[in-house]
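Visitor:
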Amino acid sequence: MILSLDMDSEVPIYQQIRDRIVEAIASGQLVEGSSLPSTRQLAVDLGINFHTVNKAYDLLRREGLLRVNRKSGALVQRDTRSGPPEPGFTAEWETRLRTLLAEAVAHGTGDPAVLDSCRSVLVSFTSPAPASPSANPGAEQGDSAS
51 MILSLDMDSE VPIYQQIRDR IVEAIASGQL VEGSSLPSTR QLAVDLGINF HTVNKAYDLL
111 RREGLLRVNR KSGALVQRDT RSGPPEPGFT AEWETRLRTL LAEAVAHGTG DPAVLDSCRS
171 VLVSFTSPAP ASPSANPGAE QGDSAS
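Just so we're on the same page, this note's numbering is the position in the sequence shown counted from 1, plus 50.
Here you go:
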């Protein structure tokens, strides 16, 4: 797995790290039990402060997607095969989706275009992708967000 960040983006680096890992889980690149680099190692790989990676991992932990402990490090806790989402997830997700859809409508994007975009993005995550339990999200850093 390649973790691609845009250092010039207005999106904070920790959020980009979190988003790329969520995308890797959604696409099947990371599965339940996949190990991630330590916060320090990923920070070194990306050339950033380890507190930034720690903040991203903490977000993922609070979202129930990552389990972090001193012995086993950071492991993916859920994936697309883990069953129904945790209680409360759907309501939170719908709130975030509502804001994204409102942005699209506010910018003049109509119903068919929004639905087409949603389908396209969903298909990109549900198409078969190779799973790698030992994926290394810090293996490479790109210049632009993916």
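Note that beta-carbon positions come from the ideal geometry of N, C-alpha and C, so glycine has one too. Note that this is a predicted model, so its numbers are computed, not measured.
Where residue 148 and residue 160 are concerned, what is the direct C-alpha to C-alpha distance, given to the nearest angstrom?
Guide: Distance between the alpha carbons of residue 148 and residue 160: 14 Å.
Visitor: Looking at the strands, I want to know which residues DSSP matches up with residue 85.
Guide: Bridge partners of residue 85: 125.
Visitor: In terms of DSSP beta bridges, what is residue 118 paired with?
Guide: Partner(s): 124.
Visitor: So, at 8 Å on beta carbons, what are the nonlocal neighbours of residue 116 in its own chain, with the 5 sequence-adjacent residues on each side left out?
Guide: Here the set comprises 71, 86, 107, 110, 124, 125, 126, 127.
Visitor: Where does residue 159 sit, in a helix, a strand or coil, going by DSSP?
Guide: Note: residue 159 maps to coil in three-state DSSP.
Visitor: Return the CA-CA distance between residue 51 and residue 104, expressed in angstroms with no decimal places.
Guide: Interpretation of residue 51 is limited by its pLDDT of 49, a score under 50 that renders its predicted location unreliable; the figure taken from the coordinates is listed afterwards. Cα to Cα, residue 51 sits roughly 19 Å from residue 104.
Visitor: Identify whether residue 192 lies in helix, strand or coil by the three-state DSSP scheme.
Guide: For residue 192, the predicted structure reports a pLDDT of 47, less than 50, and the residue's modelled location is therefore unreliable. The matter cannot be settled from this model.
Visitor: Pick from 102, 138, 153: whose alpha carbon is nearest that of residue 63?
Guide: Answer by Cα proximity: 102.
Visitor: My understanding is that residue 164 touches residue 151, with C-beta atoms under 8 Å, so please give their C-beta distance in whole angstroms.
Guide: Between residue 151 and residue 164 the Cβ distance is about 6 Å, and since that is below 8 Å, they are a contact.
Visitor: Only counting the same chain, and skipping five residues up and downstream in sequence, which positions put a Cβ closer than 8 Å to that of residue 99?
Guide: Closer than 8 Å at the Cβ level, and outside the excluded window around residue 99, lie 93.
Visitor: Would you kindly check if the distance between the Cβ of residue 175 and the Cβ of residue 77 is under 7 Å?
Guide: Yes, these two residues count as a Cβ contact at 7 Å.
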